[in-house]
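Engineer: This is the structure I have questions about; it appears just below.
Numbering (the numbering used here), first residue to last: 1 to 181.
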């Protein structure tokens, strides 16, 4: 008797059209939970953070000036600092502006289960097929691989084994060919 083989890794990316439909479906009012769920997806694309890391992110662990956030709890049990792109900082600043002086420390003010339900409703309403929230991690790692060295990328996304990056990184052959010139 053999252990069943793993299914093939997902390689779903998002098109500009799908992203636009999701944005339209979510709306721009960050006071509403659906807009914050989409905002979390955009933040995930910028940072390669997992959904659980995003919903657990606290303002006290975010340094917008130094452009990083500290994660105390991660999937592999090791704390890590995540550098923030200028776009990620813009997304966080928009959230902070929408919250005012609410006194809530959670950045996205969403629970894990709530984000999952909101994401599915948002995706279905936008008629986007076969896109999971976790696909944002794949999208982010593929994009970041063009900007960071392998060891830097592994550190940013929390992978200790470089082979784990191969699960997420799927650059098209045409892109690789351009880099050869």
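Every residue gets a Cβ at the ideal spot worked out from N, C-alpha and C, and that includes glycine.
When DSSP labels each residue in this structure, what does residue 70 get in the three-state scheme?
Structural biologist: strand
Engineer: For residue 105, I'd like the list of residues in its chain whose CB is within less than 8 Å of its CB, leaving aside the five on either flank, ordered along the chain.
Structural biologist: Excluding positions up to five away in sequence, the list reads 58, 59 and 60.
Engineer: In the DSSP assignment, what residue or residues form a beta bridge with residue 80?
Structural biologist: 71
Engineer: Label residue 73 either buried or exposed according to how many other C-beta atoms from any shown protein chain fall within 10 Å of its C-beta, with 16 as the threshold for buried.
Structural biologist: exposed
Engineer: Measure how close the beta-carbons of residue 42 and residue 67 come, nearest whole angstrom, since I'm counting them as under 8 Å.
Structural biologist: Contact flag wrong, Cβ pair sits at about 17 Å.
Engineer: In or out: residue 152 buried (at least 16 other Cβ within 10 Å) or exposed?
Structural biologist: Result: exposed.
Engineer: In this structure, how does DSSP classify residue 62 when only helix, strand and coil are distinguished?
Structural biologist: strand
Engineer: Give the secondary structure of residue 162 by DSSP, where H, G and I count as helix, E and B as strand, and everything else as coil.
Structural biologist: coil
Engineer: Given residue 160, which residues of its chain have a CB within under 6 Å of its CB, disregarding the five upstream and five downstream residues?
Structural biologist: Cβ within range, chain order: n/a, list empty.
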